[in-house]
Amino acid sequence: MAANVRIAVQTADFDVAREYQWLRGSEVASNGVSACGENGAVVTFTGLVRELAEGGLVGMNLEHYPGMTERALTDIVRQAQQRWPLSRIAVIHRVGFLTLNEQIVFVGVASAHRKAAFAAAEFIMDYLKTRAPFWKKEHREDGAQWVAAKGSDAQAAEQWDNDNAAS
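Under this note's numbering, think of the first position of the sequence shown as 5, with each following residue one higher.
Below is the structure:
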């Protein structure tokens, strides 16, 4: 993957501010110029472990298929790069046991234009939710159960497929 892309599946938490600075291209070259001076927009999304209406959530175990997950994320990022002019992309997804309010996923996109950055971030999240092999098991005070995929996530990803077919 190119130097302008970061993809990670990890148990450790991530630093949103650090990722944002990288997306901005805030590192300065020896001539004093920002490495990504063409950026006009940075869009980020951070997903958190949240309580649903039922209450009693203790935590969530996130599992993945090592190797296959990273390949799926790489493919999703490549598709985003083919659709929009993007300068930098970061996708970080945590696995393992996470408790309420912990960070799960980070998607960040830098582009010259806001519309491309917003669309690409939304596309990456929609595809990540439906095409990357992650599984969630909620642990509640009264037991644990696997979380089924939501129909709304599939519909969101399908809309991108339809948009691509129309163009």
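By construction, the Cβ of each residue, glycine as well, lies at the ideal position given by its N, Cα and C atoms.
For the pair Val62 and His143, the Cα-to-Cα distance works out to about 5 Å. Cβ neighbours of Ala84 within its own chain (closer than 7 Å, five residues either side excluded): Leu90, Ile93, Ala124, Phe127 and Ile128.
In this structure Glu23 is not in contact with Gly155, their Cβ atoms being roughly 30 Å apart against a cut-off of 8 Å. By the Cβ test, the stretch 47 to 61 is in contact with the stretch 144 to 154, since at least three Cβ pairs between them sit closer than 8 Å. Per the coordinates, the alpha-carbon of Ala161 lies some 17 Å from the alpha-carbon of Phe49. Under DSSP, Gly41 shares a beta bridge with no residue. Within the same chain, Cβ atoms closer than 6 Å to the Cβ of Asn65 are found at Phe101 and Lys141, the five residues on either side in sequence being excluded.
Within the stretch 60 to 114, the runs of beta strand (DSSP E) at least 3 residues long that lie entirely inside it are, in chain order, 61 to 68, 90 to 98 and 100 to 103. DSSP, reduced to helix, strand and coil, places Glu58 outside both helices and strands of the structure shown, so it counts as coil. In the DSSP assignment, the residues bridged to Thr50 are Phe110.
Under the three-state reduction of DSSP, Gly155 is assigned to helix. Of the other Cβ atoms in all chains shown, fewer than 16 fall within 10 Å of the Cβ of Trp139; this residue is therefore exposed.
About 11 Å separates the beta carbons of Ala116 and Val46, which is beyond the 8 Å limit, so they are not a contact pair.
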